[in-house]
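Down below is the structure, laid out as structure tokens.
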Amino acid sequence: MATKYPALAWRRIENLFYIEPPEQMPELYKAVVATYEELKKYAPSDAEVVVVTENRLEEHFHTGIMTRNVPYLAETLPEPFAEIPVELAEKLGIKSGDIVELGNNRNKIYVRALVTHRMPNLRIGNKEVYVINVPWNWGWSGVHNSFDVANTISILVMDIATTMQETKAFLAWVRKASLDKYTYQAKLRIQVF
Numbered sequence: 056m057a058t059k060y061p062a063l064a065w066r067r068i069e070n071l072f073y074i075e076p077p078e079q080m081p082e083l084y085k086a087v088v089a090t091y092e093e094l095k096k097y098a099p100s101d102a103e104v105v106v107v108t109e110n111r112l113e114e115h116f117h118t119g120i121m122t123r124n125v126p127y128l129a130e131t132l133p134e135p136f137a138e139i140p141v142e143l144a145e146k147l148g149i150k151s152g153d154i155v156e157l158g159n160n161r162n163k164i165y166v167r168a169l170v171t172h173r174m175p176n177l178r179i180g181n182k183e184v185y186v187i188n189v190p191w192n193w194g195w196s197g198v199h200n201s202f203d204v205a206n207t208i209s210i211l212v213m214d215i216a217t218t219m220q221e222t223k224a225f226l227a228w229v230r231k232a233s234l235d236k237y238t239y240q241a242k243l244r245i246q247v248f
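Residue numbers (the working numbering): 56 to 248.
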């Protein structure tokens with residue numbers, strides 16, 4: 056039923072003149088791998104498989120489409136990031152501000168790391184699994200835009216009536232990445248007088 060109601064912003068007729076599709080199209084209708092062991096097959100050897108949760112930010116109203124287009128609001132949290140637990144960051148050699156790759160069989164995104172004590176581990180069976188958090192408020196349009204959008208690696212789950220993306224959890228890998236992979240673009244910087 057969800058394929059009958061496409062909710063991808065760049066495919067909606069009313070947005071054709073306002074939103075450009077990403078340069079590299081993620082495989083959005085490809086099923087996300089369901090198990091930890093299955094994703095390990097896709098993951099690079101230097102990556103760790105984690106549970107990713109998504110949320111919205113107080114600084115960006117709902118999806119961010121409004122706040123990303125208002126320069127003063129966009130400056131409060133201008134670029135995408137991932138909250139990574141300290142223990143995992145130490146294991147992978149990641150510091151706050153580094154660029155990390157998050158990916159699965161659907162897509163890969165590159166965001167800044169925010170190393171924090173706020174992210175607890177999950178115990179699944181007898182295994183400790185790291186959890187990272189990625190806000191989904193960024194997109195391809197606006198004063199501050201990024202092609203590295205969290206929803207392109209998550210499962211495609213939404214309310215059919217409103218086409219609103221649900222906050223969700225899914226599996227992905229994480230590893231340290233180089234700065235040249237990072238696509239965030241600040242089109243305008245606010246000058247404080």
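C-beta atoms are modelled at their ideal positions from N, C-alpha and C, and glycine is treated no differently.
Is the distance from the Cβ of residue i to the Cβ of residue j below 8 Å?
{"i": "Glu103", "j": "Val229", "result": "yes"}
{"i": "Thr131", "j": "Val186", "result": "no"}
{"i": "Ile139", "j": "Ile154", "result": "no"}
{"i": "Asn159", "j": "Tyr97", "result": "yes"}
{"i": "Lys231", "j": "Leu147", "result": "yes"}
{"i": "Asp235", "j": "Pro135", "result": "no"}
{"i": "Ala205", "j": "Trp191", "result": "yes"}
Could you name the residues that DSSP lists as bridge partners for residue i?
{"i": "Val212", "result": "Beta-bridge pairing links Val212 to no other residue."}
{"i": "Trp191", "result": "Trp191 pairs with nothing; no bridge assigned."}
{"i": "Arg34", "result": "Absent from the model: residue 34. The displayed extent of the chain is 56 to 248, so no value can be given."}
{"i": "Arg230", "result": "Glu156"}
{"i": "Lys182", "result": "Ile179"}
{"i": "Val224", "result": "According to the sequence as given, residue 224 is Ala; it is not Val. Thr108."}
{"i": "Glu103", "result": "Val229"}
Within its chain, find whatever has a CB closer than 7 Å to the CB of residue i; leave out the 5 residues flanking it on each side and keep chain order.
{"i": "Glu145", "result": "none"}
{"i": "Tyr237", "result": "Ile154 and Tyr165"}
{"i": "Phe225", "result": "Val87, Val107, Ser209 and Ile210"}
{"i": "Lys95", "result": "Val104"}
{"i": "Val170", "result": "Ile139, Val141, Ala144, Ile149, Lys150 and Ser151"}
{"i": "Ala227", "result": "Val105, Val107, Leu157, Gly158, Asn159 and Ile208"}
{"i": "Lys173", "result": "The question names Lys, yet the displayed sequence has Arg at residue 173. Excluding residues within five positions, the ones whose Cβ falls inside 7 Å are Glu138."}
{"i": "Asp101", "result": "Arg230"}
{"i": "Leu112", "result": "Leu132, Pro190 and Asn192"}
By Cβ distance below 6 Å, which residues in the same chain neighbour residue i in space, the five residues on each side in sequence not counted?
{"i": "Thr58", "result": "At Thr58 the pLDDT is 46, less than 50, meaning the model places this residue with poor confidence; the figure from the coordinates comes in the next sentence. So the list is empty, once near-sequence residues are dropped."}
{"i": "Val184", "result": "Val106 and Leu177"}
{"i": "Tyr91", "result": "Val104"}
{"i": "Glu114", "result": "Thr131 and Leu132"}
{"i": "Tyr239", "result": "Glu134 and Ser201"}
Give me, in chain order, the residues of the same chain whose beta-carbon lies closer than 8 Å to that of residue i; leave out the 5 immediate sequence neighbours on both sides.
{"i": "Lys2", "result": "Residue 2 lies beyond the residue range present for the chain, which begins at 56 and ends at 248; the question has no answer from this structure."}
{"i": "Ser233", "result": "Ile154"}
Specify whether the segment 174-187 and the segment 200-209 touch according to this definition: at least 3 beta carbon pairs, one from each stretch, less than 8 Å apart.
Between the segment 174-187 and the segment 200-209 there are fewer than three inter-stretch CB-CB distances shorter than 8 Å, so the stretches are not counted as touching.
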